[in-house]
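Everything below concerns the one structure shown next.
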Amino acid sequence: MSRGEGVMAGTKSLRRRAVRVAVATVVVPVFAVGVALQPVAAAGEDESRAASRFVSGEILGVDLDAVDELSGVAVENLLNEEPVTEATPLEFAALDELLVDLGGAEVPLGDVIELGVANQWATAEPHGTSSAAAGAVADGEGVGSGVDGEYPADLRLDLAEILGDVIPDVLEDLELELGAISSEAHLIAPDSGGTEFELTTDYEIAGGHLLLGVPAVADVSGEITAAVENVAEVLDELESQIAELLESLDALDGLLDALEGLPAVTVTGPDIDVDLDVSLDELVDDILSTPIGEGTGVELNLADSALAVDLDQLLEGGLSDQAPNTELLGPALTDTLAGKLTELLDGLAEEIVDSISESLGEVELDISIFAEVSALLVTDVLDLSMSTSLDALINGDAEFVDESTGVVVGVVSPLLGELVDAVVDVVGGLVDDLIFGESGVLATVGETIEVALEPLPDILLEVVAVVGDLVSVQLNVQAGQPEGTVLNRLVREIPLLGFRTAGVDGPHSVAALRIELSAIDGGAVVLAESEVGVNVAGDDGDVDADVDADVDADVDADADVDADAERVIRG
5 MSRGEGVMAG TKSLRRRAVR VAVATVVVPV FAVGVALQPV AAAGEDESRA ASRFVSGEIL
65 GVDLDAVDEL SGVAVENLLN EEPVTEATPL EFAALDELLV DLGGAEVPLG DVIELGVANQ
125 WATAEPHGTS SAAAGAVADG EGVGSGVDGE YPADLRLDLA EILGDVIPDV LEDLELELGA
185 ISSEAHLIAP DSGGTEFELT TDYEIAGGHL LLGVPAVADV SGEITAAVEN VAEVLDELES
245 QIAELLESLD ALDGLLDALE GLPAVTVTGP DIDVDLDVSL DELVDDILST PIGEGTGVEL
305 NLADSALAVD LDQLLEGGLS DQAPNTELLG PALTDTLAGK LTELLDGLAE EIVDSISESL
365 GEVELDISIF AEVSALLVTD VLDLSMSTSL DALINGDAEF VDESTGVVVG VVSPLLGELV
425 DAVVDVVGGL VDDLIFGESG VLATVGETIE VALEPLPDIL LEVVAVVGDL VSVQLNVQAG
485 QPEGTVLNRL VREIPLLGFR TAGVDGPHSV AALRIELSAI DGGAVVLAES EVGVNVAGDD
545 GDVDADVDAD VDADVDADAD VDADAERVIR G
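If you count the sequence shown from 1, you need to add 4 to reach our numbering.
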């Protein structure tokens with residue numbers, strides 16, 4: 005055996021025996037704190053490890069970790085001078101093959117959890133450095149690297165379908181949508197002679213929404229629809245009232261009396277037509293389908309009975325800039341959401357009435373007054389018409405078009421002007437009183453809608469509180485720092501019989517998020533997890549081939565090592 009081979013054998017033997025010394029006293033406590041026992045390299049030996057997985061955990065009894073098509077990548081480098089790298093893009097057709105029981109019916113898991121294409125990448129470099137990334141990332145590139153189109157790594161989770169009967173009556177639908185989920189971790193070995201590794205982690209969630217179906221909103225929509233239908237009925241009655249008013253108008257009677265008072269003049273008519281062009285069905289559709297609160301982070305859609313919450317906008321710092329293990333649906337978000345809902349619903353009834361009022365102001369009113377005036381063998385016509393909006397009529401901007409003909413009618417032309425002015429004033433006043441006045445139909449509509457909206461704020465706030473009880477979503481998920489664990493303290497604080505030890509660090513992991521179905525025993529799903537370590541950075545230098553024997557002798561000679569180790573562990 006050559007000296008090099010002897011050094012290697014001695015080094016490996018040292019590592020085995022050093023570990024045996026530690027195991028003798030710390031095996032139970034080490035596993036109790038959740039640290040995997042890894043070999044500690046002797047001088048000159050470097051090790052690095054990395055792993056990534058986009059989706060793991062358990063949901064509705066399905067162990068995602070046991071699904072081969074969803075497995076992640078894991079690499080390690082043991083004294084290899086070239087990086088050991090693996091990348092595995094994932095498409096999630098396998099979810100459609102997994103059946104879950106929802107309320108007695110088996111449905112594909114892909115129906116309730118939809119995932120976009122994601123990448124998994126890990127590399128273990130020589131000399132104790134490693135990196136990993138998962139989700140919307142390209143090979144060797146970190147989060148936010150502009151590859152979202154290739155690896156969207158998005159999520160749609162139908163929580164209402166999953167939770168089933170656990171969903172309370174105040175909720176009908178509950179979906180979580182998140183886009184471009186990713187994470188990365190890098191563990192860089194210390195400089196020569198050092199023992200401190202450099203760890204960097206990052207994660208990103210490029211936007212997300214919580215979509216809530218609220219049955220109580222449908223009741224409000226029904227009240228609004230009924231109120232607008234009431235307005236339509238008033239407008240139908242208004243047509244006949246305007247016609248009756250015109251027929252009894254003094255100015256019109258005076259004009260007709262003047263014409264009939266002329267020698268040999270016969271008046272046929274008048275024919276009075278009144279038409280209101282009303283299409284309030286479109287108005288109702290517009291009111292109900294236009295999101296309330298658009299751009300504020302909280303949108304209420306009355307037509308769909310849906311509340312959409314922009315999580316990235318409402319969460320201070322956004323989805324991608326949260327402290328480790330932040331609860332997404334915690335007090336910070338719910339308090340902000342409660343304030344937004346209060347602002348959203350404050351004055352909503354007035355806004356809806358304003359919308360109705362604006363649409364009514366654009367309603368077209370057509371009036372025509374037509375009569376034939378015969379004198380001897382000549383027939384003249386009295387032909388007055390007006391086409392105007394209700395707004396223009398009330399504001400006094402409406403105008404009649406006079407298309408009357410003949411000399412006889414011209415004789416009474418001064419009376420035509422009086423008639424036109426009278427029609428505009430009287431009809432405008434009637435419309436104002438019945439529609440827009442203090443006791444008009446709009447005032448009644450406003451009162452009706454205010455009553456319908458009154459319980460909605462409390463209902464929506466209850467819905468928000470319920471969601472936090474049903475599901476837990478943690479962001480920037482990181483385990484406890486391994487450098488504070490028993491094993492790592494042991495390696496650093498005990499000189500291992502006077503022998504120089506290597507720098508050891510890890511494992512460290514970061515996941516973009518963790519979703520736990522709090523209301524049922526449905527498990528938890530972790531998305532975009534990257535892990536680096538355990539990494540070892542050896543201390544360069546010659547190692548004596550006989551070190552194995554020296555260690556055996558030292559171990560026999562030093563009976564206090566076990567006791568010291570045990571005190572470190574148990575202390």
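C-beta atoms are modelled at their ideal positions from N, C-alpha and C, and glycine is treated no differently.
None of the values given here were measured: they were computed from a predicted structure.
Could you give the DSSP three-state label for residue i: helix, strand or coil?
i	result
T452	helix
Q317	helix
S244	helix
V411	helix
D173	coil
I524	coil
A97	coil
S283	coil
V269	strand
E154	coil
R496	With a pLDDT of 43 at R496, under the threshold of 50, the modelled position of that residue is not reliable, and no figure is offered here.
S252	coil
A45	Low per-residue confidence applies at A45: pLDDT is 46, beneath 50, and the placement is therefore not dependable, though the value from the model is reported in the following sentence. In this structure, A45 counts as coil in the three-state DSSP scheme.
A516	strand
D275	strand
V66	strand
G472	helix
A136	strand
F406	Correcting the residue type first, residue 406 is Asp in the shown sequence and not Phe. Strand.
G61	strand
D50	coil
A122	strand
D72	helix
L380	coil
D162	strand
L83	coil
V288	helix
Per DSSP, which one or two residues make a beta bridge with residue i?
i	result
S56	V77, S534
T89	T127
N539	D509
D387	F374
P112	L103
I185	I209
S361	According to DSSP, which records beta bridges pairwise, S361 is partnered with nothing at all.
E368	D281, S393
E264	According to DSSP, E264 bridges with nothing at all.
I192	E202
Shortest alpha-carbon distance to residue i belongs to which of the options?
i	options	result
V430	V218, L394, E62	L394
H213	L311, L381, P172, Q326	L311
V428	L388, G168, D316, N305	L388
F440	L103, F374, S359, V468	S359
I371	G139, L216, S391, V385	S391
V288	A516, I228, E331, A189	I228
G120	V88, L182, D105	L182
A515	V88, D162, A327	A327
A184	P219, S196, A140, D162	A140
A379	V271, G432, V471, V416	V271
P335	S476, D401, E533	S476
To the nearest angstrom, how far is the alpha carbon of residue i from that of residue j?
i	j	result
P274	S252	12 angstroms
E458	V224	10 angstroms
D473	A528	15 angstroms
L304	G65	35 angstroms
E451	G226	15 angstroms
I498	D115	Residue placement at I498 is poorly supported in this model, since its pLDDT is 45, which falls under 50; the coordinates are not used for a value here.
S244	V278	8 angstroms
L167	D525	10 angstroms
D460	G297	It is worth fixing the name first, because residue 460 is Leu in this sequence and not Asp. Between L460 and G297, the C-alpha separation is close to 15 angstroms.
L464	G299	19 angstroms
V79	E179	36 angstroms
F67	D105	The sequence as given places Asp at residue 67; Phe does not occur at that position. Taking the straight line from one Cα to the other gives about 14 angstroms.
A40	V59	Unreliable placement is indicated for A40, whose pLDDT of 35 sits below 50; the coordinate value is still reported in the next sentence. About 22 angstroms.
A262	D384	14 angstroms
P130	E49	10 angstroms
G122	G301	Per the sequence shown, residue 122 should be read as Ala rather than Gly. A122 and G301: Cα-Cα distance of roughly 28 angstroms.
L82	L113	39 angstroms
G343	F96	39 angstroms
**4-residue-minimum alpha helix (DSSP H) runs that sit fully inside the segment 290 to 347, ordered along the chain** = 315 to 318
**Request:** Mind listing, in chain order, the continuous beta strand (DSSP E) runs of no fewer than 3 residues lying wholly within the segment 194 to 238?
**Result:** 202 to 209, 212 to 217
**Request:** Return the chain-ordered ranges of every alpha helix (DSSP H) run that is complete within the segment 423 to 467 and spans a minimum of 4 residues.
**Result:** 445 to 457
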